[in-house]
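Numbering (our numbering), first residue to last: 483 to 773.
We treat Cβ as the ideally placed atom computed from N, Cα and C, and that holds for glycine.
Fair warning: this is a prediction, and the values are worked out from it, not measured in the lab.
Below is one structure, written out as structure tokens; comments come after it.
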């Protein structure tokens, strides 16, 4: 019995110690609670002061002002479109491309009815066989450009911003295209017409007249700056819609001049080869050799 009593007293002493420790922790927690309650009270006071200041800053509107703001908030936002250098119609937007195509196809047609080289023996120098057909083709190329301008401006209601500049650019383009097609036929005879059609196809896909050239395959982006129609259609577009004078016109004329010079050299080379000591065989695409 005494052993049991001794064990109970030990347990009681251990419980008393645990109770004392818990009471100490309770006292510490009560102190923390008191401190937190003080901070909460301070925060509530700060919030009340801030709300009071906010109420004082709220503007006071009259009845008319409230109605005006309500009307503005309920209206759908409107957008005003301002277009720079707008064209008269959709046709005017595609005209630059079709003008370039028409002039090139017209140049092909010229050397379906005219010889690229005059092979008749007039007792003249070899280069005269290229100059005589070129003179006739030059006049016809200029005439077709003028006729095209009259037809497009009258029937298509083009209303170009710079009609005179457009006509001059069309004439320059037509002369260049004529020279290129003469060079193709003079150097390759009837095969040159196929080369001309290939050039036409490449230019249609790479001139960037209907869609930005940046959306075209990489190959067409690469050849774009080397082909004349890339520049003629852009100059036509500027001259139709307006936009002021800038370097694109001089750049276009420079490109046309380079292509024309190359074409003339090729034509003269073809004439020389066909009138040299060992002339190339006669070809039905050229004028007959008989006088």
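Rounded straight-line distance, which links the Cα of residue 643 to that of residue 787 = With the chain covering 483 to 773 only, the question about residue 787 has no answer from this structure.
How would you label residue 484, buried or exposed, when you count the other beta carbons within 10 angstroms and need 16 or more for buried?
-> Classified as exposed, residue 484 has fewer than 16 neighbouring CB atoms from the shown chains inside 10 Å of its CB.
So what's residue 689 in DSSP terms, helix, strand or just coil?
-> Residue 689 falls in the coil class under three-state DSSP.
Residue ranges of each alpha helix (DSSP H) run of no fewer than 4 residues wholly in the segment 608-650, ordered along the chain?
-> Fully enclosed alpha helix (DSSP H) runs of 4 or longer: 610-637.
Residue 714 - containing alpha helix (DSSP H), residue span | 711-723 is the extent of the alpha helix (DSSP H) around residue 714.
Mind checking which residues open and close the alpha helix (DSSP H) that includes residue 540?
-> Per DSSP, residue 540 belongs to no alpha helix (DSSP H) and is neither H nor E.
Go ahead and label residue 579 buried or exposed: buried means 16 or more other beta carbons lie within 10 angstroms of its beta carbon, across all protein chains shown.
-> Under this definition residue 579 is a buried residue.
Please classify residue 596: does DSSP put it in a helix, a strand, or coil?
-> For residue 596, the secondary structure class from DSSP, reduced to helix, strand or coil, is coil.
Determine the DSSP secondary structure at residue 576, reduced to helix, strand or coil.
-> DSSP, read as helix, strand or coil, puts residue 576 in helix.
When DSSP labels each residue in this structure, what does residue 707 get in the three-state scheme?
-> DSSP places residue 707 in helix when its eight states are reduced to three.
Local conformation of residue 659 per DSSP, three classes | Helix, per DSSP.
Burial state of residue 535, where buried means 16 or more other Cβ atoms lie within 10 Å | Result: exposed.
Roughly how far, in whole angstroms, is the beta-carbon of residue 612 from the beta-carbon of residue 743, given that I think they are within contact range, below 8 angstroms?
-> Contact flag wrong, Cβ pair sits at about 14 angstroms.
Within 9 angstroms, strictly: CB atoms of residue 628 and residue 661 | Cβ distance not < 9 angstroms, so residue 628 and residue 661 don't count as in contact.
Okay, do the segment 692-706 and the segment 613-632 touch, 3+ Cβ pairs below 8 angstroms being the bar?
-> Touching, no.
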